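Colleague:
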Amino acid sequence: MTARLPPGLQLEKVDDRIMTLNVGPQHPGSGHMRLIIKVDGDYIVSCDPDPGYVHRGEEKMAEYRNYITNIPHLERPVIHDSCNILYPYCLGVEELLGIEVPERAKYVRVIASELNRFTYTLYWLGIYGIFLGHSTMFMWPMGDREFAIDLLEKLTGARVTHSYFVPGGIRNDAPANFEDVCLRQINYLEKRLKTYADIFYDNPILIARTEKTGVLSREDAIRLGTTGTVLRASGVDYDVRTKEPYDVYDELDVHTNVLKNGDSYDRSKTPWLDMLESCNIIRQALEKMPKSGSVRVKLKPNPKGGNDEVYKRVESGRGSLGVYIVSRSKPEPYRVKLSVGSFRNLICMPYLLKGEKLGNMPAVYWSLNYWPVEADR
Amino acid sequence: MSDSDTSIQETETKPVVENQQELPKFEKDHSDKITAKFGSKTEIAFVKPDRIRVNVKKEDILDVASFIRDELNYDHAESVTGVDFPADKEIEVVYHLGSYTDPQLSRQVLSLATRAPREDNPNPGNDSTKLPSLRDIFYSVEFHERECFEMLGVFFEGHPDNRRLLLPEDWADLPPLRKDFAIKGR
Amino acid sequence: MLKDLITPQTANAFVGKLGDILVKAIHQPLEYAINWGRLWSLWPVHIETACCSVEFGAASSPRYDVERFGIIEAFGSLRQCDLVVVQGTITRKMAPRLRLVYDQMPEPKYVIAMGACAITGGLYFDSYNVLPGIDGVLPVDVYVPGCPPRPETLIQGCILLQEKIKRMKVR
Chain A
470 MTARLPPGLQ LEKVDDRIMT LNVGPQHPGS GHMRLIIKVD GDYIVSCDPD
520 PGYVHRGEEK MAEYRNYITN IPHLERPVIH DSCNILYPYC LGVEELLGIE
570 VPERAKYVRV IASELNRFTY TLYWLGIYGI FLGHSTMFMW PMGDREFAID
620 LLEKLTGARV THSYFVPGGI RNDAPANFED VCLRQINYLE KRLKTYADIF
670 YDNPILIART EKTGVLSRED AIRLGTTGTV LRASGVDYDV RTKEPYDVYD
720 ELDVHTNVLK NGDSYDRSKT PWLDMLESCN IIRQALEKMP KSGSVRVKLK
770 PNPKGGNDEV YKRVESGRGS LGVYIVSRSK PEPYRVKLSV GSFRNLICMP
820 YLLKGEKLGN MPAVYWSLNY WPVEADR
Chain B
7 MSDSDTSIQE TETKPVVENQ QELPKFEKDH SDKITAKFGS KTEIAFVKPD
57 RIRVNVKKED ILDVASFIRD ELNYDHAESV TGVDFPADKE IEVVYHLGSY
107 TDPQLSRQVL SLATRAPRED NPNPGNDSTK LPSLRDIFYS VEFHERECFE
157 MLGVFFEGHP DNRRLLLPED WADLPPLRKD FAIKGR
Chain C
572 MLKDLITPQT ANAFVGKLGD ILVKAIHQPL EYAINWGRLW SLWPVHIETA
622 CCSVEFGAAS SPRYDVERFG IIEAFGSLRQ CDLVVVQGTI TRKMAPRLRL
672 VYDQMPEPKY VIAMGACAIT GGLYFDSYNV LPGIDGVLPV DVYVPGCPPR
722 PETLIQGCIL LQEKIKRMKV R
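As you go down the protein sequences, you meet chains A, B and C in turn. Everything in the first sequence is counted per the working numbering, starting at 470 for the first residue and increasing by one. Everything in the second sequence is counted per the working numbering, starting at 7 for the first residue and increasing by one. Everything in the third sequence is counted per the working numbering, starting at 572 for the first residue and increasing by one.
#1: In its own chain, which residues sit with a C-beta less than 7 Å from the C-beta of Tyr780/A, not counting the 5 before and 5 after it?
#2: Looking only at its own chain, which residues have a Cβ that is under 6 Å from the Cβ of Gly598/A, when we skip the five neighbours before and after it?
#3: Could you check where the beta strand (DSSP E) with Phe91/B kicks off and where it finishes?
#4: Note down, in chain order, each residue of its chain lying with its Cβ closer than 6 Å to the Cβ of Glu648/A, except the 5 sequence neighbours on either side.
#5: DSSP three-state label for Asn814/A, please.
#6: What residues match up with Ser808/A in a beta bridge as DSSP calls it?
#7: Is Glu84/B close to chain A? Criterion is C-beta to C-beta, closer than 8 Å.
#8: For a contact defined as C-beta to C-beta under 8 Å, what are the partners of Leu649/C on chain A?
#9: Considering only residues of the same chain and omitting the five flanking positions on each side of Arg765/A, which have a CB-CB separation below 6 Å?
#10: So Thr489/A packs on His549/A, CB below 8 Å; how close in whole Å?
#11: Tell whether a beta-carbon distance below 8 Å holds between Glu843/A and Ser808/A.
#12: Have a look at Asp484/A, Asn730/A, Asp517/A and Tyr734/A and flag the residue whose alpha-carbon is nearest the alpha-carbon of Asp689/A.
#13: Would you say Pro831/A reaches chain C, if we count a Cβ-Cβ gap shorter than 8 Å as a contact?
#14: Helix, strand or coil for Pro800/A? Go by DSSP, reduced to three states.
#15: Where His631/A and Ser551/A are concerned, what is the direct C-alpha to C-alpha distance, given to the nearest angstrom?
#16: Which residues does DSSP list as the beta-bridge partners of His102/B?
#17: Check each candidate in Phe585/C, Ala582/C, Glu619/C and Leu593/C and name the one with the smallest Cα separation from Pro497/A.
#18: Nearest to Glu563/A by alpha carbon, out of Arg614/A, Asp716/A and Arg573/A?
#19: Hey, does Ile691/A have any beta-carbon neighbour from chain B nearer than 8 Å?
#20: Determine whether the beta carbon atoms of Pro546/A and Ile554/A lie at a separation below 8 Å.
#21: At 8 Å on the CB atoms, spell out the chain C contacts of Gly190/B, in chain order.
#22: Do you know offhand how far Glu659/A's Cα is from Val483/A's?
#23: Sort out for me which residues DSSP pairs Ser515/A with in a bridge.
#24: For a cutoff of 8 Å on Cβ pairs, would you count Arg759/C as touching chain A?
#25: Residues in its own chain within less than 8 Å of Val650/A by CB, not counting five upstream and five downstream?
#26: At which residues does the beta strand (DSSP E) containing Thr48/B begin and terminate?
#27: Determine whether the beta carbon atoms of Glu784/A and Arg710/A lie at a separation below 8 Å.
#28: From the DSSP output, which residues share a beta bridge with Ala65/B?
#29: Quick check on Val684/A: does DSSP put it in helix, strand or coil?
#30: Let's see if you can read the secondary structure: which residues bound the alpha helix (DSSP H) around Tyr556/A?
#31: What residue ranges within the segment 126 to 164 of chain B form continuous alpha helix (DSSP H) runs of no fewer than 4 residues, ordered along the chain?
#32: Between Met665/C and chain A, is any beta-carbon pair separated by less than 8 Å?
#33: Take Ile513/A as the anchor and find which of Ser789/A, Arg486/A and Leu768/A has the nearest alpha-carbon.
#34: How long is the line joining the alpha carbons of Val22/B and Pro716/C, rounded to whole angstroms?
#35: Can you name the residues that DSSP bridges to Glu572/A?
#36: For Asp777/A, which beta-bridge partners are listed by DSSP?
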């Protein structure tokens, strides 16, 4: 071909046997993410992920807004887990400006962060059920999730996109009878969560579809730099809440769930075990929380950081979420980088899907806990 | 070579760290190992609790990264960030490295930073903004370096696949995260 | 007697009256029935764009149950669907694909723009990769504002669409 190709197109030699499929941006799964899969009969030969359909330029926009007005748009990558994205940003800005957060605010932050783990993981479980055709597993988690959203609505005022965490603490205090209501609903949620074992985790169809597919060994999980439940399902005991505790996690007793096999079944079970652990964390935090006190340190308008940089991380539903802030004595940050768990786990996709059958692809793809909006930022 | 020499910087764009009297011991041992082996090729920017930063020139980064992986037991990269400094005419790429296998290092994040020259009219892939890729040393940087290439125009030599990842296929403008790319209305 | 009635002068009026009777007796009830069938079984395409998809999923949950209005997300192909709910931000990379999805659907089809980002670009109006609203790409029937709109707001938007369909001419 002597003519120059327009940008964005590339030439490919066509093989008789291998067919290229587009698991395209619109697919009966969740989110816009394209996988260019080459199939030989029923087996996947190679997989090329093509993210970026929801790339909204968060990091560029963060350089034009100051530290406080950055909060509403930085929480949009995962709106139902919004507290966990703002958490490392707020911790970082507090370190840059030298602020010490009051004790009660730290406890309420921990409770809000764990409640967000519920809303994210239950949504993910619902979509996992519907991927595999189990529509009851879509309805039960989505219904139970409304209890956690009720609690968050009482606390923050919004169902999702709470904008609750600010540098200096939290926006406003929990209402008066929040502790009793929270305890009651968490006890009910825990009972409901345990019933999922009957319909889902002990279900022979799920076991047949997900066991021994997409196996990620321990060495590979470390070498590929995966994070979160994908890492813990492959036998590596690493959770930012226990290894580098932030806020009051060093006073709470957190147990990490580690499973050995590294296949899709383990990756689907680890978030559920983490949710049961969150119930314990919330109960402990409610007991130890100081009953009254201030919850916010007021900042002067337009605070400026010095010539400094900071990197903080937090355990979110998808894994360790790190925020790297560079500041240069202006009200706006010089550079904000979000290092999200979904983007770090993206490298597993071409690695795990090679050699799988095409029918196993939904089970493996969604078990990697990939949220497209967050990976694209 | 004490840290008080390196902590006072000349230009305004490098981070300014106050002269610290007492540095955390564990991290200081770490940074001393690096300076013992490489001497003046590396520069320790700061030593804070759980965070160390090492500045390297781009010719030496492969050796330093291999040393960090083999001797100091860091095994994966958490993220790769590119920062644009038009005043210095340089683009800085920072690798944040962590360790899953070594229990003593589970809190540490080591920042390895290097700089590449910056041109005013970039032609990504064909101009002087090139850096050696760390993919053979840390496999986990593969997609992060691709994103850095398209967002800032830094070409990574040795990376098998320097291609677009997040931007549309027909993006023909400046790399977006550069400071001279202004978003509309601002 | 009929021959006396239908003369060349009165034929027009006669045909006009016959037409009126046909419209009232057959065409209007038929139109009503067809529209009634369409508006109680709107099947949206599964196109979960960005943030607002979470509230769309919550609208299908047992608490807000949008299925009682006939809106079931058809998890099969989009050639059986007749509603596109654009949930959230559309980027420049996604816009041609969205148009492709819309063109592949059979007539009649309706579009709901959900969320501030689909209406005007929302919070991301100044980003380099975001379309300021989908008006240039798809013909929108109902706009549902909010960031994100509550599931009840989305249901109100669907009911507004139903009111609109009731008044549409059947093609």
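No residue lacks a Cβ here, since even glycine has one placed at the ideal position from N, Cα and C. Quick caveat: nothing in here was measured; it's all calculated off a predicted structure.
Modeller: In short:
#1: Gly791 and Tyr793
#2: Met606 and Phe607
#3: His82 to Phe91
#4: Leu755
#5: helix
#6: Gly791/A
#7: yes
#8: Gln495
#9: Gly637 and Gly638
#10: Contact flag wrong, Cβ pair sits at about 34 Å.
#11: no
#12: Asn730/A
#13: no
#14: coil
#15: 7 Å
#16: Ser85/B and Ser117/B
#17: Glu619/C
#18: Asp716/A
#19: yes
#20: yes
#21: Per the sequence shown, the amino acid found at residue 190/B is Lys instead of Gly. Simply Asp697 and Tyr699.
#22: 54 Å
#23: Lys507/A
#24: The question about residue 759/C has no answer, for chain C in this structure spans 572 to 742.
#25: Leu620 and Lys623
#26: Thr48 to Lys54
#27: yes
#28: Rather than Ala, the amino acid found at residue 65/B in this sequence is Glu. In DSSP, Glu65/B forms no bridge with anything.
#29: coil
#30: Ser551 to Leu566
#31: 148 to 158
#32: yes
#33: Arg486/A
#34: Residue placement at Val22/B cannot be trusted, given a pLDDT of 46 that sits under 50; what the coordinates show is reported in the next sentence. Roughly 47 Å between the two C-alpha positions.
#35: Bridge partners of Glu572/A: none, in fact.
#36: Ser796/A
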